[in-house]
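Numbering-wise, the sequence shown is residues 76 to 564 according to my numbering. What follows is a short report on a single structure.
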Amino acid sequence: MKVLVVGDGSREQAIAETLARSVKEPRIYAIMRILNPGIVRVCESTGGGFRRGKPTDPVQVADYAEELNVDFVFVGPEEPLFHGVADEVERRGIGCIGAKKSLAEIEMSKAYMRRLMWKYEVPGRLRFKAFKNVEDAIAYINEYAESLAIKPARQAGGKGVKVIADLQAYLSREKKKVKAKHAVKVVKEHMRGYTDIEDRILLEERVEGPEYTLQCFCDGKTVLPTPLVQDNKHAFEDDLGPETGGMGSIAGKGLTLPFITMDEYNRSVEIVKKLVDAVQRESGEYYKGVIAGQMMLTDKWGPTIIEMYSRFGQPEGENILPLLETDMVEICEAILSQSLAKVKLKFREKATVIKCLAPRGYPDHRELAKGHPIWVDEEAIRKAGGKLFWGSVDTVDGSYVTGGSRACEIYAEADTIEEAAEIAERCIPYVKLLDGWGLFYRSDIGSRRLLEKRMRLAEMVREIYLYREKKGILGKTIDWIPGRGKIEV
Ligand SMILES: Nc1ncnc2c1ncn2[C@@H]1O[C@H](COP(=O)(O)OP(=O)(O)O)[C@@H](O)[C@H]1O
Ligand SMILES: [Mg+2]
């Protein structure tokens with residue numbers, strides 16, 4: 076059996092390794108932009124192979140798959156899906172784990188996803204306005220004083236979102252200036268080069284609460300959820316600094332996180348199912364691949380969608396895949412034959428923590444983070460109880476060089492999140508940049524202190540959304556207009 080994995084990140088290493096554990100002993104092949112050493116190793120050790128190429132080019136991917144005569148293709152990242160890789164692979168008669176373009180739009184266009192939520196009345200929807208030009212967005216910003224999340228209308232690789240609280244009337248004018256400035260930046264910088272959607276900028280009501288990711292397998296008929304994971308987006312300790320693609324993630328034993336109840340887990344699954352239904356009805360295609368909700372527990376709705384993923388999260392995928400006991404090839408075959416309903420997902424009962432290591436300069440000055448020789452003692456990491464996932468690292472003339480994003484991740488598992496975090500922490504010294512350039516990571520991820528902070532926030536919002544539910548105003552926005560009284564939106 077042969078499988079082609081598309082992509083070159085830590086997520087794709089995890090996918091490749093999980094496929095390689097199958098009793099069917101597949102030979103793993105990969106198409107990568109940069110030669111991720113972890114993926115290269117899986118390809119070589121399974122008797123497969125790899126090619127340097129463009130994972131976002133449907134023809135290149137499908138040609139390679141055809142040449143190899145693979146049994147199926149597994150697409151790791153979102154951009155190949157947005158470019159129609161799954162469509163082209165299937166057109167050639169090869170099975171593909173990965174949503175077709177019209178379905179992946181649920182991630183690609185944040186505006187489309189929001190419209191779907193309103194059209195199909197999916198719980199957890201937020202008020203939003205999408206604009207095709209910056210002038211209209213600024214006119215709106217100037218008219219209303221409200222707290223907003225200002226976003227590129229398209230998935231822009233985890234860049235460009237700014238959340239602006241506008242709570243004090245006396246600061247409103249200043250806040251409008253900040254909002255307008257960011258709106259210009261979104262359109263000029265973050266949306267530059269993206270011509271595949273018409274909307275440019277999205278203004279969304281701001282909500283607050285702890286965030287978590289729910290990742291699911293889907294065959295177009297059945298949605299199979301996996302354990303919740305929490306990613307930590309901010310670059311520095313205590314959730315400070317710029318937003319990143321994720322600096323590390325945690326998952327508890329069992330299905331849920333310590334700050335999310337089973338009822339909230341089930342509600343989240345229902346939301347994802349409703350969205351799969353909605354996007355399938357719109358596109359007329361079956362969703363065959365991975366779908367995930369990046370969610371927030373809010374006082375307005377309880378479980379609320381922030382954005383959708385048409386793939387595993389990175390690093391969230393690396394928390395759950397090492398624990399998967401069900402044969403991954405069997406899961407993929409069930410997705411392709413739409414018999415996922417018969418599969419029972421089993422995970423080892425462990426808490427997991429991932430800590431990402433990034434060269435200094437990431438995320439705002441990636442050019443500084445790029446091009447540093449990196450050294451890792453994988454054997455020492457293993458002895459300390461951890462495991463390494465390679466990230467943005469290229470193989471150049473047999474040595475390893477950073478690519479500008481998060482260079483690698485330490486994974487650890489244990490009976491509790493804190494223990495797993497301690498193991499991961501002990502592995503950090505075994506990664507170094509050989510030219511003396513700094514690497515940074517977040518030591519607080521998985522700590523009791525951070526976990527308690529999330530738990531306190533969850534309790535606060537839970538009390539409110541449950542009260543709202545009892546009063547029949549879950550998800551409603553209620554304003555008080557002087558002289559007119561209460562209005563509900
Ligand atoms: N409506 C919102 N209210 C409050 N915070 C938000 C909102 N939308 C996004 N955020 C915050 O911004 C982060 C990034 O937004 P997201 O839509 O996930 O974009 P991306 O991950 O593509 O950059 C979220 O993880 C969340 O912390
Ligand atoms: Mg996000």
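Glycine included, each C-beta is placed from N, C-alpha and C at the ideal position.
A distance criterion of 7 Å places the beta-carbon of Ala-228 beyond contact range of ligand 1, judged by its closest non-hydrogen atom. Per DSSP, the unbroken beta strand (DSSP E) holding His-447 starts and ends at 445-451.
Relative to ligand 1, the beta carbon of Lys-308 is positioned inside 7 Å of a heavy atom. Excluding sequence positions up to five before and after Asp-162, its CB lies within less than 6 Å of the CB of Lys-175, Lys-176, all in the same chain and listed in chain order. Set against 7 Å, the gap from the CB of Gly-235 to the closest heavy atom of ligand 2 is not smaller. Excluding the 5 residues flanking it on each side, Ala-220 has same chain C-beta neighbours closer than 6 Å at Asp-241, Ser-247, in chain order. Counting only residues of its own chain and dropping the five nearest sequence neighbours on each side, Gly-316 has a CB closer than 6 Å to the CB of His-309, Ala-310. Non-local C-beta neighbours of Leu-299 in its own chain, meaning closer than 7 Å and more than five positions away in sequence, comprise Cys-291, Phe-292, Leu-415, Val-418, Leu-420, ordered along the chain. Going by beta carbons, Leu-223 and Arg-281 fall inside the 8 Å limit. Its Cα nearest to that of Met-403, the residue Phe-147 stands out among Trp-512, Arg-116, Tyr-215, Phe-147. The beta carbon of Gly-436 is closer than 6 Å to those of Leu-443, Ala-444 in its chain, skipping five residues each way along the sequence. Distance from the Cα of Thr-270 is smallest, within the candidate group Arg-200, Gly-168, Phe-157, for Phe-157. A buried status is given to Val-506, since no fewer than 16 other beta-carbon atoms sit within 10 Å of its beta-carbon. Cβ-Cβ distances below 8 Å link Leu-110 to Asp-83, Phe-125, Arg-127, Asp-469, Thr-470 in the same chain, with the five nearest sequence neighbours on each side left out; the list follows chain order. Secondary structure note for Tyr-340: its alpha helix (DSSP H) is the uninterrupted segment 337-358.
For secondary structure counted as the beta strand (DSSP E) over 3 or more consecutive residues, the region 194-278 holds these complete runs in sequence order: 203-206, 223-227, 237-239. Straight through space, the alpha carbons of Ser-467 and Lys-458 are spaced by roughly 24 Å.
With fewer than 16 other CB atoms across the displayed protein chains lying within 10 angstroms of its CB, Gly-473 is exposed. For Lys-419, there is no enclosing alpha helix (DSSP H), as DSSP marks it with neither H nor E. Asn-217 sits exposed, since fewer than 16 C-beta atoms from the chains shown fall within 10 Å of its C-beta. Not one heavy atom of ligand 1 lies closer than 7 Å to the C-beta of Gln-290.
In this model, Leu-201 and Ile-553 are separated by some 13 Å (Cα to Cα).
With a threshold of 16 other beta carbon atoms within 10 Å, Ala-495 meets it and is buried. Distances taken from the Cβ of Gln-305 to the heavy atoms of ligand 2 include none shorter than 7 Å. When secondary structure is reduced to three states using DSSP, Thr-373 falls in the strand class. If you draw a straight line from the Cα of Asp-452 to the Cα of Cys-431, it comes to about 16 Å. Around the C-beta of Leu-191, 16 or more other C-beta atoms lie within 10 Å, and the residue is accordingly described as buried. Within the chosen limit of 7 Å, ligand 2 does not reach the beta carbon of Gln-413 with any heavy atom.
Val-259 and Ile-225 have their C-alpha atoms roughly 10 Å apart. If you check the C-beta of Lys-417 against ligand 1, you find no heavy atom less than 7 Å away. Judged by DSSP in its simplified three-state form, Leu-514 adopts strand.
Per DSSP, Lys-430 is not a residue of any alpha helix (DSSP H); the beta strand (DSSP E) it occupies stretches across 426-434. Under the three-pair Cβ rule at 8 Å, the region 359-366 counts as touching the region 374-389.
Bridge pairing for Glu-382: Gln-369 [DSSP].
Assignment of Ala-487 by DSSP, reduced to helix, strand and coil, places it in the strand class. Taking a C-beta distance under 8 Å as the contact criterion, Leu-514 and Pro-434 qualify as a contact pair.
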